[in-house]
Structure formats: structure tokens, C-alpha cells
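*Asks:* Read in order, the letters of the sequence shown correspond to residues 1 to 297 in UniProt numbering.
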Amino acid sequence: MQQFRMNIIIIIIIIQLLQYKKKCQDLEDTLRGSEIKSSPSFKVKQYKQKCEDLEHSHRQSLKNEELLSDTYIKPLDTANLTQVGELNLASLDLQTALIRLEEEQQRSSGLAHVNAMLREQLDQATSANQSLTSDIQKLTTDWQMAREDLDHKEQEWREEEKSFNQFYNEEHNRLHNLWKSVVTFRREFNDLKSATERDLHNVRSDINRTARGMYSAALNYSSNARHVDTQTLVALDKEKTERTTLENQLKEKIRDNVQLQARYDTLTTELNTKINDLTLLNDKLHQQVEEKDRLFK
Numbered sequence: 001m002q003q004f005r006m007n008i009i010i011i012i013i014i015i016q017l018l019q020y021k022k023k024c025q026d027l028e029d030t031l032r033g034s035e036i037k038s039s040p041s042f043k044v045k046q047y048k049q050k051c052e053d054l055e056h057s058h059r060q061s062l063k064n065e066e067l068l069s070d071t072y073i074k075p076l077d078t079a080n081l082t083q084v085g086e087l088n089l090a091s092l093d094l095q096t097a098l099i100r101l102e103e104e105q106q107r108s109s110g111l112a113h114v115n116a117m118l119r120e121q122l123d124q125a126t127s128a129n130q131s132l133t134s135d136i137q138k139l140t141t142d143w144q145m146a147r148e149d150l151d152h153k154e155q156e157w158r159e160e161e162k163s164f165n166q167f168y169n170e171e172h173n174r175l176h177n178l179w180k181s182v183v184t185f186r187r188e189f190n191d192l193k194s195a196t197e198r199d200l201h202n203v204r205s206d207i208n209r210t211a212r213g214m215y216s217a218a219l220n221y222s223s224n225a226r227h228v229d230t231q232t233l234v235a236l237d238k239e240k241t242e243r244t245t246l247e248n249q250l251k252e253k254i255r256d257n258v259q260l261q262a263r264y265d266t267l268t269t270e271l272n273t274k275i276n277d278l279t280l281l282n283d284k285l286h287q288q289v290e291e292k293d294r295l296f297k
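1. Starting from the C-beta of T196, find all residues in its chain whose C-beta is less than 6 angstroms away, skip the five residues before and the five after it, and write them out in chain order.
2. Can we say the segment 131 to 138 touches the segment 233 to 253, given the rule of at least three CB pairs closer than 8 angstroms?
3. Taking C-alpha atoms, which residue in E247, K193 and S216 lies nearest to Y264?
4. Given a threshold of 16 other Cβ atoms within 10 Å of its Cβ, counted over all protein chains shown, does L280 qualify as buried or as exposed?
5. For Q261, tell me which candidate among F189, N272, Q144 and L236 has the shortest Cα-Cα distance.
6. Looking only at its chain, what residues have a beta carbon closer than 7 angstroms to the beta carbon of L271, apart from the 5 residues adjacent to it on each side?
7. Count the other C-beta atoms from every protein chain shown that fall within 10 angstroms of the C-beta of L150, then say buried if there are 16 or more, exposed otherwise.
8. Can you have a look at L81 and say buried or exposed, based on whether 16 or more other CB atoms are within 10 angstroms of its CB?
9. Considering only the alpha carbon of each residue, which of T141, D206 and L278 lies closest to L246?
10. Between L267 and F185, which are expected to be in contact by the criterion C-beta below 8 angstroms, what is the C-beta distance as a whole number of angstroms?
11. Check each candidate in N169, F164 and R204 and name the one with the smallest Cα separation from E290.
12. So which of Q259, I275, R212 and K238 has the shortest CA-CA distance to N177?
13. Nearest-angstrom Cα distance between T210 and R198?
14. Excluding sequence positions up to five away, which residues of its chain have a Cβ less than 8 angstroms from the Cβ of W179?
15. Where E154 and E161 are concerned, what is the direct C-alpha to C-alpha distance, given to the nearest angstrom?
16. Where T78 and I99 are concerned, what is the direct C-alpha to C-alpha distance, given to the nearest angstrom?
17. How many angstroms separate the CA atom of E120 from the CA atom of H152?
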């Protein structure tokens, strides 16, 4: 259970690191885009070109002024005043352009400083991103190893569970068959016992009937002794033989009954022993199942 929680925590950390990596990547793209858009090189080139044009115009104006002063030495007329005004305007435009150029240079310096700071932050973010990437790879490797270990343990547990279920089913079926055999034997023994008791009852009835016959014969013997000596002796011998036969049958039935009772007691003891052993084994297996269930909860 603790291993499973550790795997969940590792997965959450990996997800957070991936989200942070995505944010860093977005910030890096944004900084690169802003760096391209806010690059002052193009504006500086424009201002330099404009300043060069103004300087060229100013030099051209100075050359024209020198040519005019060398060629024409005369009082200024309206046209000369106009040219002087234009030169003054050009000079004023040049100063304004120089001031703007200086402002743009200062602004370019500020942008360069900001760009350097952004580059430094970008380098730091890149370094942090690389460190996070390394940590993510390490965590991913650890997570994969933990996942493989967990899958291996889960496979082992499934195999053990399958073997245990198979063993439990076999033992349950064997116990069920054994119990069916016990029930069948008990029913057959009860049937045999009932039949034996019925036969013994019949034998006792025959013995009692024979005894009564012999008693009646003995009573009649005294009165009929003179007339039926030979017949009485034959009858007595016959009754004696029948009685002996019945007694032997009774003894045999009693001996069979005793043997069956001893066999029943022996089988009952053996079956009770096996049932107790199987009950203990079943309780032990249930305890193992409960322990495994507690381990995997």
C-alpha cells in the first residue's frame, strides 16, 4: 500500500514538472517573440539613415552657401533671404533630428539593457528547464522501475492467487466427496443395522417359538411317554437340532453385528480425524487469504 502511494506521489510530481516545463517553454517562446518584435536594430538603422540623409542635406546646403558667397558678392535680396531661411530651417531640422537620434540611442540602450536582462532570465529559465528535464527523466526512470516492480509483484500475486484457488477448489471437492462417502456409508450402515436387528428379532421369535414347542412337548411327554417314546425322541432330537442351528445363526449374527459395529467405529474415527484435519487446513487457508487481502488493500 505504501509503495502504491509512493507511485501516486511520483506521478503527481511528474505531472507538475511537465506543467512547469510547458510554462517555461511558453515563457521562452514569448521572450523570443518579444525579443524579435522589440529589437531596436531596425529602428536604429532607420534613424541612422535619416540622420545621414539630414547630414548630407546639411553639407549640401553648406556647399551651396559657400558657392553663393564666393560667386555673388552683393546685397541680399529677397531670394537670398529665402535661401538663408531654408538653410536655417534645415539646420533646425538637423538639430531636432540629432536630439531625436540621441533620445532613440538612449532608448535603444535601455532596450538593449532590458534585452540583456531578458536574455539572462531566458538563460536562467533554460538552465532551470534543463535541470527540471533531468529531474523529470530521473523521476520517469524511477517511476518506470517502480511500475515494472509493481507489475512483477502483481503478476506473482496473481499466480499465487491462481494456484491457491486451484488448490482450494481441489481440497474443497475432495472434502465434499469424502463427506458424501461418509453420508453414504452411514446410510448403508443404518440400513444394515436395521436389517440385522430385524433378523435378530426373527431369530429370537423362532427361538421363543421353539422353546415354547419344546416346553409343550415336555409337558405332553409325561402323558404320552408310553405311546410316543420313539416319536418324542425323534421330535426332541429334531427340536434340539433346530435349536442348535438357530443358536449358531444367532451367534453368527451377533458376531457380524459386533464386527460391523467395530468397523463403523473405526471408520467413524478415521473420518472424524480427516474431517478435523481438513477443517484445520481450511481455517489455515482462510487465514492466509485474509492476510493476502489485507496486504493488497
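Ideal Cβ placement from N, Cα and C applies to all residues, glycine included.
*Replies:* On the basis of the supplied data:
1. Cβ neighbours of T196 within its own chain (closer than 6 angstroms, five residues either side excluded): N257.
2. Judged by Cβ distances under 8 angstroms, the segment 131 to 138 makes no contact with the segment 233 to 253, as fewer than three pairs qualify.
3. The residue among E247, K193 and S216 with its C-alpha nearest the C-alpha of Y264 is K193.
4. L280 is exposed by the Cβ-count criterion.
5. When F189, N272, Q144 and L236 are compared, the shortest CA-CA separation from Q261 is found for F189.
6. So the list reads V182, once near-sequence residues are dropped.
7. L150 should be labelled exposed.
8. Because L81 sits at a pLDDT of 45, beneath the cut-off of 50, its placement in the model cannot be relied upon, and the point is left open.
9. From the listed residues T141, D206 and L278, the smallest Cα separation to L246 is found for D206.
10. With a Cβ gap of about 6 angstroms, L267 and F185 count as contacting.
11. Closest option to E290, Cα to Cα, is F164.
12. It is I275.
13. C-alpha separation (whole angstroms): 18 angstroms.
14. Close CB contacts of W179 within its chain, under the 8 angstroms cut and outside five residues either way in sequence, are with I275 (chain order).
15. A straight line joining the alpha-carbon of E154 with that of E161 spans about 10 angstroms.
16. With a pLDDT of 47 at T78, under the threshold of 50, the modelled position of that residue is not reliable, and no figure is offered here.
17. Across the structure, E120 and H152 are spaced so that their CA atoms are roughly 47 angstroms apart.
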